[in-house]
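In what follows, a structure is listed as structure tokens, so that the remarks can point back to it.
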DNA sequence: TGGCTATAGGTAGTCTGGCGACATGTATGA
DNA sequence: TCATACATGTCGCCAGACTACCTATAGCCA
């Protein structure tokens, strides 16, 4: 999978993965990998800045905890994030329809 | 439609649109708009550099002509471009499946 | 005891590609 | 005469994903 194909879609994926239950960064990476059948293997240098960006934008709330001697910052979807996710889903549907339409299936 | 959602997908769209018949830049913009139901309205600052990039990569061949006193540079798909388009289509299918899968339809 | 791996978080800097703004020129019709 | 459509192009900006790197703990194996 091309690197920059993800541009502009990563935020949606992250929001979607923390929709049902809050997750910490490392677990988000694993969840994305699992949900994509191994296609997505995002480096920490991608995911952590993205999480901070999404929190700053008000779409995620974070809280620290300690599990087994390791500190975790757990992110959960805010109500604004929930709305953003809904509109991202709609945008994705439009985008996918447009690209598929132009590419055709010749 | 978000601006940078297109990142990494534009090349595929351009190749697809010149697949059946060669087109010049301006006509490519219009064809993309038409094929997308008006969703895609790409500025010349996007399309012309992309065409040069694709020609340089060997995926497009160009030739000048004059129609009604106006000069046109017409692009057509090379055989390498045809192969690239096929693999781009495959990559798109994978990408779309992955994103749709992660987003879910909750 | 030391080293390796998995878990967990983070930053700094690079690079790329789509876009906005601008420049140039012709044809056409009001 | 001026606006608009047609037609091509460049330059510089900037967001964002990535590479490379750093820190730290827990657990396992030799």
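Protein chains in written order, with this note's numbering: chain Z, 2 to 107; chain V, 2 to 107.
Glycine included, every Cβ here is placed at the ideal spot set by N, Cα and C.
Taking every protein chain shown into account, the CB of residue 12 of chain V has 16 or more other CB atoms within 10 angstroms, so this residue is buried. Contiguous alpha helix (DSSP H) elements confined to the segment 40–73 of chain V occur at 45–57, taking only those with 4 or more residues. The alpha carbon of residue 63 of chain Z has as its nearest neighbour, out of Z:21, Z:25, Z:69, the alpha carbon of Z:25. With a contact defined as Cβ atoms closer than 8 angstroms, residue 16 of chain Z and residue 82 of chain Z qualify at about 6 angstroms. Residues of the segment 86–97 of chain Z with a C-beta atom less than 7 angstroms from some C-beta of chain V are 90, 92, 93, 95, 96, 97, listed in chain order.
Taking C-beta atoms as the reference points, residue 49 of chain V and residue 61 of chain V fail to come closer than 8 angstroms. Taking 8 angstroms as the CB threshold, residue 9 of chain V lines the interface with chain Z.
Not a single C-beta of chain Z is nearer than 8 angstroms to the C-beta of residue 43 of chain V.
Against chain Z, the beta carbon of residue 84 of chain V has no neighbour under 9 angstroms; the closest one sits roughly 14 angstroms away. Under the Cβ criterion of 8 angstroms, residue 36 of chain V is counted among the residues facing chain Z.
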